[in-house]
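Positions in the sequence shown are counted from 1; adding 256 to them yields this note's numbering.
Here's the structure, in structure tokens; my notes come after.
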Amino acid sequence: MAIKLVVDSTADLSKDIIEKYDITVVPLNVHFGDEVFKDGIDLNTESFFAKLQNSEVMPRTSQPSPGDFHKVYTSLLSQGHSIISIHISDNLSGTYQSAVIAKNMLENADITIIDSKSASLGLGLIAYQGAKLIEQGKDVREIQDILNKIIEDQLVCFGVDTLEFLQKNGRIGKASALIGTLLNVKPILTLNSEGIVAPLGKVRGRNKVIPYLVEKIKERFNDDLVNVAIAHALTPEQKDELLAYAKQELNINEILEGNIGSVIGTNTGPGMIAIAAHKKIV
257 MAIKLVVDST
267 ADLSKDIIEK
277 YDITVVPLNV
287 HFGDEVFKDG
297 IDLNTESFFA
307 KLQNSEVMPR
317 TSQPSPGDFH
327 KVYTSLLSQG
337 HSIISIHISD
347 NLSGTYQSAV
357 IAKNMLENAD
367 ITIIDSKSAS
377 LGLGLIAYQG
387 AKLIEQGKDV
397 REIQDILNKI
407 IEDQLVCFGV
417 DTLEFLQKNG
427 RIGKASALIG
437 TLLNVKPILT
447 LNSEGIVAPL
457 GKVRGRNKVI
467 PYLVEKIKER
477 FNDDLVNVAI
487 AHALTPEQKD
497 ELLAYAKQEL
507 NINEILEGNI
517 GSVIGTNTGP
527 GMIAIAAHKK
537 IV
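Encoded structure:
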């Protein structure tokens, strides 16, 4: 009996990784007024931000329904598989709860659901480690224990051009959003231990964002061997700069790169750059 990995689309994993490890992705939804799009299916990074630029309404997001998860779980279970289902922070989305409801609809089903307390390639990095552990032949309990250690250890830091999108989508308060209106001040944010967006600091000038992000990672991990993920929203030059700086300053075991998808992009807007890291555990 094989173990199959399920994630939601906010993991922002590349098509290559999804196909290589046979990962099932359950999409979230992006709403532009009355129009509804499946994240990563109907909208990719480029088409989403193009639509955002021309839209008169602020997009919003919604989680997959329990029925969406039930359909995926039923299909995998019918093939005799065990399931590990890893999802965006329960404090950022109802996705985890939808997965739990779906599991409870399936009596005695061999499904393990994990709250990553992360998002985007932070979640993607955790899921990727899970996929490799499955490939190594670890059992469900071993994988769950290791992933929980990674989740506890992971640090996510990101910079945004503006806090407007986070504030309008209820991810931060109005007072925090005022920071982003100050002249040339770039807010730096993190996901705290509860998987909630929290302020980490601020820098003056876009050119100081990347050194600050890497500095925070280095402060946490020093010279420990780390796995790293870097994600961006229409800032490929910044991504390349962050990649080079991280390789110079950090002791990197493995690194993932990717684009911010439409769900995360709805909450951050364009211009977001992020880094996630955790100590290499296995």
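The beta-carbon is built from N, C-alpha and C at its ideal position, and this holds for glycine as well.
Kindly give me the distance between the Cβ atoms of residue i and residue j, rounded to whole angstroms, as I take these residues to be in contact under 8 Å.
i	j	result
Val-470	Lys-442	Incorrect: roughly 15 Å between the Cβ atoms, too far for contact.
Leu-261	Ile-382	At roughly 11 Å, the Cβ-Cβ gap does not stay under 8 Å, so Leu-261 and Ile-382 are not in contact.
Thr-266	Gly-461	That pair is no contact at about 30 Å.
Ala-540	Phe-325	Given a span of 257 to 538 for the chain in the structure shown, any question on residue 540 remains unanswerable.
Val-286	Asp-264	Not confirmed; about 13 Å, so no contact.
Arg-476	Leu-411	5 Å
Leu-379	Ile-342	7 Å
Quick one: residues in its chain with C-beta nearer than 7 Å to the C-beta of residue i, no 5 flanking neighbours on either side, listed in chain order?
i	result
Gln-494	Ile-466, His-488 and Ile-529
Ile-402	Leu-389, Ile-537 and Val-538
Tyr-468	Ile-444, Gly-457 and Val-459
Asn-507	Asp-479, Asp-480, Leu-481 and Val-482
Ile-399	Ile-340, Gly-386, Leu-389 and Ile-390
Met-257	Gly-336, His-337 and Ser-338
Could you give the residue range of the alpha helix (DSSP H) that holds residue i?
i	result
Asp-324	322–334
Lys-535	Counting along the chain, Lys-535 falls outside any alpha helix (DSSP H), though it belongs to the beta strand (DSSP E) covering 529–535.
Thr-524	518–524
Lys-260	Lys-260 -> not in any alpha helix (DSSP H); beta strand (DSSP E) instead, spanning 259–264.
Ala-267	Per DSSP, Ala-267 belongs to no alpha helix (DSSP H) and is neither H nor E.
Val-484	Element bounds for Val-484: not the alpha helix (DSSP H) but the beta strand (DSSP E), 482–488.
Lys-495	492–505
Ser-341	From DSSP, Ser-341 is part of no alpha helix (DSSP H) but of the beta strand (DSSP E) over 338–343.
Could you tell me if residue i is buried or exposed, where buried requires 16 or more neighbouring beta carbons within 10 angstroms of its beta carbon?
i	result
Asp-479	exposed
Leu-269	buried
Pro-320	buried
Ser-374	buried
Asp-371	buried
Val-292	exposed
Gly-527	buried
Provide the residue span of the beta strand (DSSP E) that contains residue i, from first to last.
i	result
Val-416	No beta strand (DSSP E) holds Val-416; DSSP gives it neither H nor E.
Arg-460	453–460
Glu-363	Neither: Glu-363 is in no beta strand (DSSP E) and is coded neither H nor E.
Note down, in chain order, each residue of its chain lying with its Cβ closer than 6 Å to the Cβ of residue i, except the 5 sequence neighbours on either side.
i	result
Gly-436	Here the model assigns Gly-436 a pLDDT of 47, short of 50, so the residue's position is not dependable, and the following value carries that caveat. The answer, listed in chain order, is Thr-418, Leu-419 and Pro-443.
Gly-296	Ser-265, Pro-283 and Gly-517
Phe-304	Ser-518 and Gly-521
Below 8 Å CB to CB, which residues in the same chain sit around residue i once its five sequence neighbours on both sides are set aside?
i	result
Leu-362	His-326, Tyr-329, Thr-330 and Leu-333
Asn-448	Ala-454
Thr-301	Ala-489, Leu-490, Asn-515, Ile-516, Gly-517, Ser-518 and Gly-521
Candidates the options: which alpha carbon is nearest residue i's?
i	options	result
Glu-408	Ser-376, Gly-451 and Gln-392	Gly-451
Val-416	Phe-304, Asn-523, Ile-273 and Ile-369	Asn-523
Ser-349	Leu-284, Ile-369, Gln-504 and Ile-406	Leu-284
Lys-503	Ile-473, Pro-526 and Gly-527	Ile-473
Asp-395	Ile-367, Glu-505 and Leu-299	Ile-367
Gly-525	Leu-498, Tyr-501, Ser-318 and Phe-414	Phe-414
Asp-290	Glu-312, Ile-279 and Pro-322	Glu-312
Ile-531	Glu-510, Tyr-501 and Val-484	Val-484
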